[in-house]
Amino acid sequence: GAVVSQHPSWVICKSGTSVKIECRSLDFQATTMFWYRQFPKQSLMLMATSNEGSKATYEQGVEKDKFLINHASLTLSTLTVTSAHPEDSSFYICSAYPGTVHNEQFFGPGTRLTVL
Amino acid sequence: AQKITQTQPGMFVQEKEAVTLDCTYDTSDPSYGLFWYKQPSSGEMIFLIYQGSYDQQNATEGRYSLNFQKARKSANLVISASQLGDSAMYFCAMREGRPGGGNKLTFGTGTQLKVEL
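These protein sequences, in sequence, are chains A and B.
Residues in the first sequence are numbered from 6 upward in steps of one, following our numbering.
Residues in the second sequence are numbered from 1232 upward in steps of one, following our numbering.
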């Protein structure tokens, strides 16, 4: 099956620093990747849709200057949380869509961010 | 209006019994897809089953089946012969439109399933 990795799996940082999270599709190319955020005991909320070679499309209410997304290649998308604050602490999950042969998106294992 | 509604925040089932997790959806798009994902405590999202809006038969994948009632806009997940390892959060999700790279998923609020001995 299609495999998506995320790095790091968890990160603790100080308030005011920036954190970069990588999402890679390991055995397929993904023109589109998605970034989700999940608070404890809650559902996944889509933050943005990341398209290779173009600007990301952000969902309403998501600060694009705060959450920088770069889709540099067909197998890599990155999410950078800039000037992180404690309220940015969350579980961030990416997913990748391999193409119309598959109906489902494949999810990475997630990154748990804790901002002190 | 909520696009995906899961009305059961928590469910208990005895091992080896069957359990149904409810999901209703709302869309005006004639082409859509419905998904169920399992999220154990580790956090990974595990794809379980898919139903397309034009599929004539209910989807089945091993112990998972999807009770698709299009007129009622419901897509309930049935897990047969529950196992302790089935204890997890279960999410129903919908993709509106035909399959394509830009088609995002909308998730329900989830149902926490606990399988008991």
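No residue lacks a Cβ here, since even glycine has one placed at the ideal position from N, Cα and C.
State the DSSP-derived secondary structure class of residue i, mapped to helix, strand or coil.
i: Leu1348 of chain B; result: coil
i: Glu1292 of chain B; result: strand
i: Leu1315 of chain B; result: helix
i: Glu1327 of chain B; result: strand
i: Glu109 of chain A; result: coil
i: Glu27 of chain A; result: strand
Just checking: is the beta-carbon of residue i within a distance shorter than 8 Å of some beta-carbon in chain B?
i: Ile26 of chain A; result: no
i: Thr80 of chain A; result: no
i: Asn75 of chain A; result: no
i: Ile17 of chain A; result: no
i: Leu51 of chain A; result: yes
i: Ser48 of chain A; result: yes
i: Pro13 of chain A; result: no
i: Phe44 of chain A; result: no
i: Phe33 of chain A; result: no
i: Gly115 of chain A; result: yes
i: Glu68 of chain A; result: no
i: Thr54 of chain A; result: yes
i: Phe96 of chain A; result: yes
So that I know if they touch, is there some Cβ in chain A lying closer than 8 Å to that of residue i?
i: Met1276 of chain B; result: yes
i: Leu1344 of chain B; result: no
i: Thr1340 of chain B; result: yes
i: Leu1336 of chain B; result: yes
i: Tyr1285 of chain B; result: no
i: Phe1243 of chain B; result: no
i: Phe1299 of chain B; result: no
i: Gly1328 of chain B; result: no
i: Lys1281 of chain B; result: The sequence shown places Tyr at residue 1281 of chain B, rather than the Lys named in the question. Yes, its Cβ sits closer than 8 Å to a Cβ of chain A.
i: Gly1316 of chain B; result: no
i: Gly1264 of chain B; result: yes
How about residue i and residue j: do their beta carbons lie closer than 8 Å?
i: Trp40 of chain A; j: Leu84 of chain A; result: yes
i: Gly1241 of chain B; j: Gln1314 of chain B; result: no
i: Val1244 of chain B; j: Val1309 of chain B; result: no
i: Ala89 of chain A; j: Thr22 of chain A; result: yes
i: Gln110 of chain A; j: Tyr97 of chain A; result: no
i: Gln11 of chain A; j: Glu27 of chain A; result: yes
i: Val8 of chain A; j: Ser100 of chain A; result: no
i: Ala1247 of chain B; j: Ala1312 of chain B; result: The amino acid at residue 1247 of chain B is misidentified as Ala; the sequence shows Lys. Yes, they are a contact pair.
Could you give the residue range of the beta strand (DSSP E) that holds residue i?
i: Ala77 of chain A; result: 72-78
i: Arg42 of chain A; result: 37-43
i: Gly1264 of chain B; result: 1263-1270
i: Phe1278 of chain B; result: 1277-1283
i: Gly1274 of chain B; result: It is not in any beta strand (DSSP E) - Gly1274 of chain B carries neither H nor E in the DSSP assignment.
i: Gln11 of chain A; result: 9-12
i: Val16 of chain A; result: 15-18
Could you check how far apart the C-beta atoms of residue i and residue j are, in whole angstroms? I think they sit under 8 Å.
i: Ser94 of chain A; j: Ser55 of chain A; result: Not quite, the Cβ-Cβ distance comes to about 22 Å (not below 8 Å), so this is no contact.
i: Leu1265 of chain B; j: Ala1306 of chain B; result: 4 Å
i: Gln1270 of chain B; j: Met1276 of chain B; result: 5 Å
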